[in-house]
Structure formats: C-alpha cells, structure tokens
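The sequence shown begins at 1 in full-length UniProt numbering and counts up one residue at a time.
What follows is a set of notes on a single structure, which appears directly below.
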Amino acid sequence: METPDGGPSAKQRSGSEFQSWGRYPKYSGNIVPLQWQQNFPGRLGALDKGSLPVGMGRSYGDSCLLNGGNLLLTTGMNRLLSFEHETGLLTAEAGITLAEILDFAVPRGFFLPVTPGTKYVTLGGAIANDIHGKNHHVAGTFGSHVTQFELVRSDGSHRRCSKTENPDWFAATIGGLGLTGLIPWAQIRLRPIVSRMIDYEGIQFHGIDEFLELTRQAEKVEYTVSWVDCASTGKNFARGVFMQGDHSLIPGELKPSQEPKLVFPFDAPGFALNHTTVSLFNTLFFHKQMKPRVQALQDYEPFFYPLDKVLHWNRMYGKSGLLQFQYAIPWESAREGTIAILHEIAKSGLASFLAVLKAFGDVPSPGLMSFPQPGITLALDFPIKAGVTFPLFERLADMTRDFGGRLYPAKDAAMTASQFQIFYPQWEQLARFRDPMLTSSFWERVTGDRPGQ
Numbered sequence: 001m002e003t004p005d006g007g008p009s010a011k012q013r014s015g016s017e018f019q020s021w022g023r024y025p026k027y028s029g030n031i032v033p034l035q036w037q038q039n040f041p042g043r044l045g046a047l048d049k050g051s052l053p054v055g056m057g058r059s060y061g062d063s064c065l066l067n068g069g070n071l072l073l074t075t076g077m078n079r080l081l082s083f084e085h086e087t088g089l090l091t092a093e094a095g096i097t098l099a100e101i102l103d104f105a106v107p108r109g110f111f112l113p114v115t116p117g118t119k120y121v122t123l124g125g126a127i128a129n130d131i132h133g134k135n136h137h138v139a140g141t142f143g144s145h146v147t148q149f150e151l152v153r154s155d156g157s158h159r160r161c162s163k164t165e166n167p168d169w170f171a172a173t174i175g176g177l178g179l180t181g182l183i184p185w186a187q188i189r190l191r192p193i194v195s196r197m198i199d200y201e202g203i204q205f206h207g208i209d210e211f212l213e214l215t216r217q218a219e220k221v222e223y224t225v226s227w228v229d230c231a232s233t234g235k236n237f238a239r240g241v242f243m244q245g246d247h248s249l250i251p252g253e254l255k256p257s258q259e260p261k262l263v264f265p266f267d268a269p270g271f272a273l274n275h276t277t278v279s280l281f282n283t284l285f286f287h288k289q290m291k292p293r294v295q296a297l298q299d300y301e302p303f304f305y306p307l308d309k310v311l312h313w314n315r316m317y318g319k320s321g322l323l324q325f326q327y328a329i330p331w332e333s334a335r336e337g338t339i340a341i342l343h344e345i346a347k348s349g350l351a352s353f354l355a356v357l358k359a360f361g362d363v364p365s366p367g368l369m370s371f372p373q374p375g376i377t378l379a380l381d382f383p384i385k386a387g388v389t390f391p392l393f394e395r396l397a398d399m400t401r402d403f404g405g406r407l408y409p410a411k412d413a414a415m416t417a418s419q420f421q422i423f424y425p426q427w428e429q430l431a432r433f434r435d436p437m438l439t440s441s442f443w444e445r446v447t448g449d450r451p452g453q
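Structure follows, in structure tokens:
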C-alpha cells in the first residue's frame with residue numbers, strides 16, 4: 001500500500017505490511033516509524049530479531065524487506081537542514097525524497113546531480129543503493145556527489161563520514177544496502193539549472209551496433225538512455241529509440257512540479273501481459289516517433305520520470321508482482337553478451353515492454369559495493385509466471401556471470417548466493433562493517449550472514 005506520493009501508507013507505518021516495488025516476495029514485519037534522529041539507537045535497543053532501515057520501498061526485490069524482523073521507517077525524518085546557494089550544498093535528513101528535494105531546489109535554480117527513473121526514493125535509499133541515472137557516463141553514481149553524512153550505529157556511536165573523515169565507513173555505506181548503520185542526515189552537491197526544460201533528441205536505431213554508434217556519438221551529451229524492443233526477432237531484433245538530452249541553456253520559468261493525477265486503479269489480470277500484447281505495445285512505441293530522428297524542448301518530468309505520472313503503475317503486472325533483471329557487462333563482452341541475452345529473452349516468450357538499455361561510463365564510484373561498471377547495462381521488468389520467470393532469471397544470471405558482468409542488488413529477488421558472491425567478491429569486506437543488529441532478507445539470502453554473527 002502507498003500514499004499518493006508512492007510512499008508507505010498510514011497502515012504500513014503502524015502495521016505489518018510493507019511491500020517492495022516488485023511486490024515480491026511478500027513478507028511481514030514490524031514497522032517502527034522514526035520521526036527524530038535520536039530515535040534510532042533507543043528504538044533499536046528495545047527490539048529483538050533483526051532490523052533494517054527502509055524508506056519508500058522502491059527497491060524491486062527483498063533488499064528493502066526483512067521477513068519477521070523490524071523495518072525502521074525513515075520517511076518521518078524528512079527535514080531540510082541547510083542549503084548554500086553559492087555552492088549548491090544541500091543538507092537534509094535521510095528520509096526526505098528526491099521529489100521533495102526537487103520541489104525545493106528547482107525554483108532556486110538547482111537540480112539533482114544524479115537521478116534514477118523515479119523521484120520517489122529517499123536520500124538515504126539513494127546512498128544505500130548508490131543509485132545511477134542517465135548521466136552515469138559523465139557524472140558517475142549518486143555517491144560521487146555525496147560530500148558527507150552521519151552514521152549512527154546500534155551501540156549509540158556516531159561517525160561523521162566523508163572521503164577524508166572515516167573514509168572506510170564512507171565507502172562501505174555508499175552502496176552498502178542500509179546495513180552499516182542509520183544515516184540520520186546527509187549532504188549532497190546539487191547542480192545549477194536555468195530552466196525546467198531539456199533539449200531532447202530521439203533517434204530510432206536497428207540493432208546493437210547502431211545503439212553503440214549512437215552511444216559513441218553522444219559521449220559529450222549529459223543524458224542518454226534507450227528503450228529497446230526485446231520481443232521482436234528477425235529484421236526487427238534489438239530495434240529501439242535512443243533518447244538524449246541536455247539541460248536547456250535558455251532561461252525559463254522555474255517552478256515545482258504538479259502532483260500526478262493518473263492512477264492505475266486495480267491489479268491487472270495475469271493474462272493481460274503476454275508475448276502478443278507486449279509485442280503490440282513495442283511496435284506501437286517504436287512507431288509513435290513518426291520520423292527516424294526528432295528534436296524537441298521537453299519538460300524534465302517526462303524526460304526523467306515518465307512512469308511517475310501514473311501512480312501504482314506496478315499494479316499492471318498483477319497480484320503476483322514483477323521481477324526486474326538488470327545487469328552491467330563490461331565493454332570487452334558487452335556487445336556479445338547483450339545480443340546473447342536479448343536472444344535468450346526473445347526465445348523464452350516472456351517479453352518485457354519496459355526494457356532500458358544504456359552505457360555506463362568509467363567515472364569511479366566511492367562506494368565499496370557500487371553496481372555500475374564501464375560497459376552496457378540492460379534493465380527489464382517481467383511479470384511473475386509460475387515455472388517460467390525464475391528459470392529464465394537463473395539462466396540470464398548465469399549468462400551475465402559468464403560474460404563477466406553482475407546484477408543490481410536493488411533490483412533483485414532471484415539471484416543465488418553463489419551468483420552474488422561471484423558478482424560481488426567484496427561482500428566479505430562489507431560484512432565486516434555491517435551493524436550487528438541490521439540485516440535484510442536479501443543479505444541473508446545471498447550470504448547467510450545474520451544478526452549477532
């Protein structure tokens with residue numbers, strides 16, 4: 001359940017229901033609302049079993065879940081603490097959402113340095129998952145723009161963390177899946193803008209080689225991303241639309257965004273998403289752009305957050321929920337691996353209409369467990385279908401491993417322990433920084449590491 005802004009509902013705040021965005025797996029837990037920074041150690045000391053700080057629940061799998069444990073809900077800690085207009089440095093409590101930051105920053109001529117495809121994630125969640133966006137090739141991950149934060153442990157100790165102060169804790173916490181402690185506040189550096197508008201260009205392509213050439217040509221464009229048709233075969237295999245843009249340099253009105261009004265009203269029946277309907281959607285989406293190349297001045301909302309305009313859009317996958325598969329394969333195997341995985345998906349008959357393809361750059365992340373690496377990343381959403389989805393995911397994960405890639409923990413609900421430990425050999429380093437009272441269903445599934453160990 002969610003509020004209109006996509007966050008946990010009042011029932012979730014006081015009851016046992018808390019869902020990830022994929023709505024799988026379905027676990028119960030004890031919701032413990034945190035309203036003030038000083039709540040954390042005291043509340044945690046009174047709890048048994050394990051605990052996990054959570055925000056908006058926009059992770060797709062079980063990295064934001066703890067079956068039978070305590071979920072420390074941080075969305076009540078959403079206060080802006082300070083802002084320096086000269087430097088763009090913003091300090092806020094970790095439960096504030098990116099949407100709330102934008103509502104404050106855009107009218108003042110600033111924008112997020114990195115943003116994912118939804119603005120309904122918390123500042124703490126952005127750090128814990130070291131999120132990335134359409135500008136990774138020039139800006140790196142979100143953690144690259146975090147200047148400092150405070151980390152509070154269950155024993156009551158406080159650490160101010162930055163690249164120069166407690167740098168090992170800084171690195172472990174960025175991309176550390178919320179397991180090193182609670183972040184009560186963090187500071188990030190925003191980037192200046194003069195308009196809400198994006199200088200947008202959309203370019204049709206046919207095949208991975210054309211995508212790679214467009215990627216090469218757009219090296220100096222700030223934002224690039226592609227939609228790819230993963231259902232078509234033959235001459236239409238891997239066709240797509242390459243979308244690129246820069247912040248407009250023409251001064252324009254800077255105002256907050258309006259609240260979304262569209263709502264997906266019910267859980268779609270399981271048969272609604274099938275290869276035929278997805279193939280039809282993909283054909284219509286590819287051809288909605290009437291020319292091979294179009295240019296336009298576009299508001300940042302549809303450019304960055306096209307799905308946020310429809311609340312509860314995850315309901316279109318039905319009550320069983322959805323799984324997302326997202327890999328990063330390094331350049332030496334990226335072309336071969338992407339083609340092979342797209343062929344495997346097309347052969348399975350389990351098509352995705354939300355298939356996002358882009359290149360990761362070589363800007364290093366400060367995080368120990370950061371997901372991006374130079375190469376190609378592909379993200380796809382699939383409905384959960386018995387006997388089909390999970391076997392496909394296991395094959396795709398093994399293929400990703402064989403091509404030297406890795407999967408994104410924030411999007412995962414299916415990778416095995418052996419796969420995870422190959423993808424992230426540094427997990428044992430993170431385990432040494434894990435707060436002994438904190439864990440997650442994801443962490444226990446892929447490591448066997450539990451509270452008190």
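Note that the Cβ used here is the ideal one computed from N, Cα and C, for glycine as well.
Query                                                                                                                                                                       : Result
Per DSSP, what kind of secondary structure is Asn70 in: helix, strand or coil?                                                                                              : strand
If we count Cβ pairs, one from each stretch, closer than 8 angstroms, do we get three or more for the region 388–403 versus the region 357–374?                             : no
In chain order, what residues of the same chain have a beta carbon less than 7 angstroms from the beta carbon of Glu100, not counting five sequence neighbours either side? : Asn78
Quick check: the region 198–217 against the region 241–257, are at least 3 beta-carbon pairs closer than 8 angstroms?                                                       : yes
Whose C-beta lies closer than 7 angstroms to the C-beta of Val152 among residues of the same chain, with five residues either side of it excluded?                          : Phe40, Pro41, His158, Gly181, Leu182 and Pro184
Starting from the Cα of Phe304, find the closest Cα among Ile198, Gly109 and Glu86 and give me that residue.                                                                : Ile198
Quick one: what does DSSP say residue 473 is sitting in, helix, strand or coil?                                                                                             : Given that the chain is displayed from residue 1 to residue 453, the structure contains no residue 473 and the question cannot be resolved.
Does the separation of the CB atoms of Ile345 and Gly404 fall below 8 angstroms?                                                                                            : no
Out of Pro116, Gly95, Val194 and Val121, point me to the one whose CA is closest to Phe149's CA.                                                                            : Gly95
Report the residue from Ala351, Arg293, Pro265 and Asp308 whose alpha carbon sits nearest the alpha carbon of Phe281.                                                       : Ala351
Going by Cα to Cα distance, which pick from Met437, Arg445 and Gln429 is closest to Gly176?                                                                                 : Gln429
What are the start and end residues of the beta strand (DSSP E) that includes Phe83?                                                                                        : Leu80 to Glu84
Look at Thr141 and Thr122 and say whether their C-beta atoms are less than 8 angstroms apart.                                                                               : no
Quick check: what's the CA-CA separation for Pro53 versus Gly178?                                                                                                           : 6 angstroms
Alpha carbon to alpha carbon, what distance is there between Pro383 and Phe266?                                                                                             : 15 angstroms
Quick one: what's Met243 bridged to in DSSP?                                                                                                                                : Gly202 and Val225
Alpha carbon to alpha carbon, how far is Gly109 from Leu249? Give it in angstroms, no decimals.                                                                             : 12 angstroms
Checking 8 angstroms against the spacing of the C-beta atoms, do Asp246 and Lys119 come in under that value?                                                                : no
Is the beta carbon of Ser63 less than 8 angstroms from the beta carbon of Pro436?                                                                                           : no
At which residues does the beta strand (DSSP E) containing Ile97 begin and terminate?                                                                                       : It should be pointed out that residue 97 corresponds to Thr in this sequence rather than to Ile. Element bounds for Thr97: n/a, residue is neither H nor E.
How many Å lie between Gln295 and Phe170 at the Cα?                                                                                                                         : 41 angstroms
Between Ala139, Leu378 and Val363, which lies nearest to Pro113 when the distance is taken from Cα to Cα?                                                                   : Ala139
Counting along the chain, where does the alpha helix (DSSP H) carrying Ile250 start and finish?                                                                             : Per DSSP, Ile250 belongs to no alpha helix (DSSP H) and is neither H nor E.
In the DSSP assignment, find the alpha helix (DSSP H) that holds Arg58 and state where it starts and stops.                                                                 : No alpha helix (DSSP H) holds Arg58; DSSP gives it neither H nor E.
Pick from Gln38, Gly22 and Lys49: whose alpha carbon is nearest that of Gly29?                                                                                              : Lys49
Can you give, in chain order, each stretch of the beta strand (DSSP E) that sits fully within the region 334–415 and has at least 3 residues?                               : 355–360 and 375–383
Apart from the five residues just before and just after Asp209, which ones in its own chain have a Cβ nearer than 8 angstroms to its Cβ?                                    : Arg335
In angstroms, rounded to a whole number, what distance separates the CA positions of Val225 and Gly361?                                                                     : 13 angstroms
Tell whether a beta-carbon distance below 8 angstroms holds between Leu322 and Val263.                                                                                      : no
In whole angstroms, what is the alpha-carbon distance linking His343 and Phe205?                                                                                            : 17 angstroms
Verify whether the separation of the beta carbon atoms of Gln419 and Tyr60 is less than 8 angstroms.                                                                        : no
Taking Cβ to Cβ, would you say Pro33 is nearer than 8 angstroms to Leu65?                                                                                                   : no
For Leu438, which option in Asn67, Leu354 and Leu273 has the closest C-alpha, if you only look at C-alpha atoms?                                                            : Asn67
Go to Phe149, then tell me how far its beta strand (DSSP E) extends in each direction, as first and last residue.                                                           : Val146 to Val152
Taking the Cβ atom as the reference point for each residue, do Ser365 and Asp130 lie within a distance shorter than 8 angstroms?                                            : yes
Does the beta-carbon distance from residue 460 to Ile203 come in below 8 angstroms?                                                                                         : Since the displayed the chain opens at 1 and closes at 453, residue 460 lies outside it and no answer follows.
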